[in-house]
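Engineer:
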Amino acid sequence: MIEWYLSVLKKYAEFSGRARRSEYWYFVLANFIVAVVLNLIDLGIFGTGVLSVIYGLGVLIPGLAVGVRRLHDTNRSGWWLLLAFIPLIGAIVLIVFLVQEGTDGENQYGANPKLGVA
Numbered sequence: 014m015i016e017w018y019l020s021v022l023k024k025y026a027e028f029s030g031r032a033r034r035s036e037y038w039y040f041v042l043a044n045f046i047v048a049v050v051l052n053l054i055d056l057g058i059f060g061t062g063v064l065s066v067i068y069g070l071g072v073l074i075p076g077l078a079v080g081v082r083r084l085h086d087t088n089r090s091g092w093w094l095l096l097a098f099i100p101l102i103g104a105i106v107l108i109v110f111l112v113q114e115g116t117d118g119e120n121q122y123g124a125n126p127k128l129g130v131a
């Protein structure tokens, strides 16, 4: 999980190419774990969300970038991320897109990341 998380951070603002499901979902899981820990620390020390806000701002761009690359893997434009702004239905549709298997072989966004050439 750490390898996937660091991989996303190394591609900090890389919006081109494709991302495997494991890369995306391990990044989401790691962010969730870090957010829970930081929230507990924030509540115990500061009483506000100072650390959580700083962390959230730090992973905003990498999170958007890996989301775009994940959608590219399903042969969709990164603009589909805007579905998240449609209450409930948009989030459900976006999650369905993000859990789908990527397209086999090369697509318009690059080579299949499962083949190790991405």
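The opening residue of the sequence shown carries number 14 in our numbering; numbering runs sequentially from there.
Glycine residues also receive a C-beta, built at the ideal position from the N, C-alpha and C atoms.
These numbers come from a predicted model, not from an experiment.
#1: Run through the stretch 54-121 for me and flag every whole alpha helix (DSSP H) of 4 or more residues, listed as ranges in chain order.
#2: Run the CB neighbour count on proline 126, radius 10 Å, all protein chains shown included, and call it buried at 16 or more, exposed below.
#3: Is arginine 83 buried or exposed, if buried means 16 or more other CB atoms sit within 10 Å of its CB?
#4: Counting only the same chain and skipping the five closest in sequence on each side, list residues whose C-beta sits under 7 Å from that of arginine 103.
#5: Measuring alpha carbon to alpha carbon, tell me which residue in Met14, Tyr25 and Ile67 is nearest glycine 80.
Structural biologist: According to the structure shown:
#1: 63-86 and 102-112
#2: buried
#3: buried
#4: In the sequence on display, residue 103 carries glycine and not arginine. Correct list, in chain order: Leu96 and Ala97.
#5: Tyr25
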